[in-house]
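Quick notes on the structure that follows.
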Amino acid sequence: MPAIKLDQVSRAYGKQVYAVRDLTLEIPDGSFTTLLGPSGCGKTTTLRMIAGLDMPTKGTIRIGDKLAFSLEEGKSLAPAKRGLGLVFQSYALWPHLTVAKNISFGLEVQKVPRAEATRRIEQVATALQIDGLLGRYTSELSGGQQQRVAIARVLVMQPSVLLLDEPLSNLDATLRMDMRAELKRLHQETGATIIYVTHDQLEALTMSTHIALMQSGRLQQFAPPLEVYAHPANQFAADFLGNPRINLLEGSVERGHFKCAGLDLALPDTVSPADTPTATLGLRAEELRLHGASGPGLAEARVTTLLPTGSDWYYNVELAGKSLIVRQNDGPQLRLGETVHVEARPESIKLFAGDGRALLAAPTVPMGS
Ligand SMILES: Nc1ncnc2c1ncn2[C@@H]1O[C@H](COP(=O)(O)OP(=O)(O)OP(=O)(O)O)[C@@H](O)[C@H]1O
Ligand SMILES: [Mg+2]
10 MPAIKLDQVS
20 RAYGKQVYAV
30 RDLTLEIPDG
40 SFTTLLGPSG
50 CGKTTTLRMI
60 AGLDMPTKGT
70 IRIGDKLAFS
80 LEEGKSLAPA
90 KRGLGLVFQS
100 YALWPHLTVA
110 KNISFGLEVQ
120 KVPRAEATRR
130 IEQVATALQI
140 DGLLGRYTSE
150 LSGGQQQRVA
160 IARVLVMQPS
170 VLLLDEPLSN
180 LDATLRMDMR
190 AELKRLHQET
200 GATIIYVTHD
210 QLEALTMSTH
220 IALMQSGRLQ
230 QFAPPLEVYA
240 HPANQFAADF
250 LGNPRINLLE
260 GSVERGHFKC
270 AGLDLALPDT
280 VSPADTPTAT
290 LGLRAEELRL
300 HGASGPGLAE
310 ARVTTLLPTG
320 SDWYYNVELA
330 GKSLIVRQND
340 GPQLRLGETV
350 HVEARPESIK
360 LFAGDGRALL
370 AAPTVPMGS
């Protein structure tokens, strides 16, 4: 099964507008790689260029040992010759055919024997919870049902590389959870390479083996999900992943301490960043602890909001005029207006330079799938 390599790939519109810029990325064979980022960052454009539906204005794309696109060599392999299965944001089903016919169409073209085709159709239809709809016309389905038929139509072909552009966007919350688990199971069972586009960071964190995080057409970080979460390459990555959003405090670094109004935090010995007048500290809600009594290294704060979720308590606390969100899964049960003391686990601290670059070096993790 092929790895997919993009080398310095750009897609420009005119001279100024870049949908994707200098994208170099090696998508490992058998990985579940998610292209993640806000609307307009270039996710769909990247997927379309891999599929051969859009042409880069610069760079090279390889799929396994096939050269799929090269501007220098004037080569662009036709989409059908790239051996990919595609499900796009806008999917076209045949309205005058039943769900079963829509799904079986590709199998008939490939002359898959009838018994084998029936078995495969039933299997994907059950997995995608549309087995009760096989006899209906697709014009009689809801948007979410149509979306699942579009996925089934591609999965039934058992492609070795599957490109999915926001395939769960029309589904309600419960079904979306089911489908995430189903796609992840399918990935594990088939060993196919999946390239998945979403702007939903939770979807990316829960499903992927690798995340390619993009912003304004540029790759920000490419790493396994928990590494992006724990060791974001820059402030954008720290801010984009995680719910609630990471707490960010602006201040300075002086002699191994991060300082801002109300806070003087000794940075871990392993770090020792150079002094800088502008730095931003990143603290995730679950990496903060609240204490009743004061103590060394603790900053004083005031509880301004209590947000119980059933399993956890979220507190907004005000620290020298800044609001921080803190998650605790055990008490103490705090009251509004109460004074508390905030502790940040030193090993969890994230620190960013004025230009957003991470100042604490992330440990290197092998990038195999
Ligand atoms: N034909 C075009 N002409 C000019 N600009 C375009 C064209 N097509 C796309 N763009 C721009 O390229 C950028 C990337 O678009 P793309 O569709 O890849 O984003 P996306 O990350 O998939 O966003 P979304 O999450 O909204 O689907 C956008 O800023 C878009 O406006
Ligand atoms: Mg898109």
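Counting with the working numbering, you get residues 10 to 378 for the letters of the sequence shown. Glycine included, every Cβ here is placed at the ideal spot set by N, Cα and C.
Could you tell me which of the options sits nearest to residue i, measuring between CA atoms?
{"i": "R162", "options": "I13, L137 and G51", "result": "L137"}
{"i": "R354", "options": "A310, T202 and A294", "result": "A294"}
{"i": "Q167", "options": "F267, A247 and V121", "result": "V121"}
{"i": "K75", "options": "I160, N243, T66 and I59", "result": "I59"}
{"i": "L34", "options": "L343, K359, L171 and I72", "result": "I72"}
{"i": "P286", "options": "P88, A232 and H266", "result": "H266"}
{"i": "V339", "options": "G319, T348 and S332", "result": "Position check: residue 339 holds Asp in this sequence, whereas Val was assumed. Comparing Cα positions, the closest option is G319."}
{"i": "T313", "options": "P305, L258 and G346", "result": "G346"}
{"i": "G61", "options": "Q244, Y22 and A77", "result": "A77"}
{"i": "A362", "options": "E259, L315, V326 and L235", "result": "E259"}
{"i": "L292", "options": "F114, T202, K359 and P233", "result": "K359"}
{"i": "S217", "options": "Y238, R227 and D321", "result": "Y238"}
{"i": "P241", "options": "P253, S261, S225 and I220", "result": "I220"}
{"i": "D321", "options": "P253, A302 and D278", "result": "P253"}
{"i": "S48", "options": "A247, P317 and S225", "result": "S225"}
{"i": "T107", "options": "L142, T127, K84 and G23", "result": "L142"}
{"i": "D278", "options": "Y22, D248 and E356", "result": "E356"}
{"i": "Q230", "options": "L173, R20, T43 and L299", "result": "T43"}
{"i": "N243", "options": "E82, L368, R57 and V26", "result": "L368"}
{"i": "A134", "options": "D16, I160, E149 and T183", "result": "I160"}
{"i": "P3", "options": "D38, A310 and V18", "result": "Coverage of the chain is limited to positions 10 through 378, which leaves residue 3 absent and any answer about it impossible."}
{"i": "A89", "options": "L80, E236 and R57", "result": "R57"}
{"i": "S79", "options": "R189, E175, L195 and L15", "result": "L15"}
{"i": "H401", "options": "D248, L150 and Q132", "result": "Residue 401 is absent from the structure shown; the chain starts at 10 and stops at 378."}
{"i": "L173", "options": "R189, C50, F245 and A247", "result": "R189"}
{"i": "K193", "options": "T183, T215, L184 and E175", "result": "T215"}
Would you identify the three-state DSSP class for residue i, choosing helix, strand or coil?
{"i": "S151", "result": "coil"}
{"i": "G51", "result": "coil"}
{"i": "H240", "result": "coil"}
{"i": "P372", "result": "Bear in mind that the predicted position of P372 carries a pLDDT of just 45, short of 50, making it unreliable; the figure below should be weighed with that in mind. Three-state DSSP puts P372 in coil, outside helix and strand."}
{"i": "D16", "result": "strand"}
{"i": "F114", "result": "helix"}
{"i": "G377", "result": "Per-residue confidence for G377 stands at a pLDDT of 37, beneath the threshold of 50, marking its modelled position as unreliable; the derived number appears in the next sentence. Coil, per DSSP."}
{"i": "G141", "result": "helix"}
{"i": "L62", "result": "coil"}
{"i": "P234", "result": "helix"}
{"i": "R162", "result": "helix"}
{"i": "K193", "result": "helix"}
{"i": "F41", "result": "strand"}
{"i": "K268", "result": "strand"}
{"i": "A124", "result": "helix"}
{"i": "Q210", "result": "helix"}
{"i": "D187", "result": "helix"}
{"i": "Q119", "result": "coil"}
{"i": "L171", "result": "strand"}
{"i": "K90", "result": "helix"}
{"i": "Y22", "result": "strand"}
{"i": "T318", "result": "coil"}
{"i": "K359", "result": "strand"}
{"i": "A101", "result": "coil"}
{"i": "Q342", "result": "coil"}
{"i": "L56", "result": "helix"}
{"i": "I203", "result": "strand"}
{"i": "I334", "result": "strand"}
{"i": "E352", "result": "strand"}
Could you round the C-beta distance between residue i and residue j to whole angstroms and report it? I think they count as a contact, below 8 Å.
{"i": "A288", "j": "G330", "result": "About 18 Å; that fails the 8 Å criterion."}
{"i": "T147", "j": "L177", "result": "Not quite, the Cβ-Cβ distance comes to about 18 Å (not below 8 Å), so this is no contact."}
{"i": "R157", "j": "I139", "result": "5 Å"}
{"i": "Q197", "j": "L250", "result": "That pair is no contact at about 23 Å."}
{"i": "N111", "j": "G153", "result": "Contact flag wrong, Cβ pair sits at about 16 Å."}
{"i": "I36", "j": "I13", "result": "4 Å"}
{"i": "A87", "j": "T54", "result": "The Cβ separation is near 19 Å, so there is no contact."}
{"i": "A308", "j": "L328", "result": "6 Å"}
Taking a contact to mean a Cβ-Cβ separation below 8 Å, would you say residue i touches residue j in this structure?
{"i": "G92", "j": "S40", "result": "no"}
{"i": "G223", "j": "G365", "result": "The amino acid occupying residue 223 in the given sequence is Met; Gly does not appear at that position. No; because the gap between Cβ atoms is not below 8 Å, this pair is not in contact."}
{"i": "L95", "j": "V165", "result": "no"}
{"i": "V335", "j": "L290", "result": "no"}
{"i": "K206", "j": "K52", "result": "Checking the sequence shown, residue 206 turns out to be Val, not Lys. Yes. Within cutoff."}
{"i": "I203", "j": "L171", "result": "yes"}
{"i": "Q337", "j": "Y324", "result": "yes"}
{"i": "E352", "j": "G306", "result": "yes"}
{"i": "R30", "j": "D63", "result": "no"}
{"i": "A109", "j": "G144", "result": "yes"}
Q. Who sits around ligand 1, taking every residue whose Cβ is closer than 5 Å to one of its heavy atoms?
A. Y22, A28, S48, G49, C50, G51, K52, T53, T54 and H208
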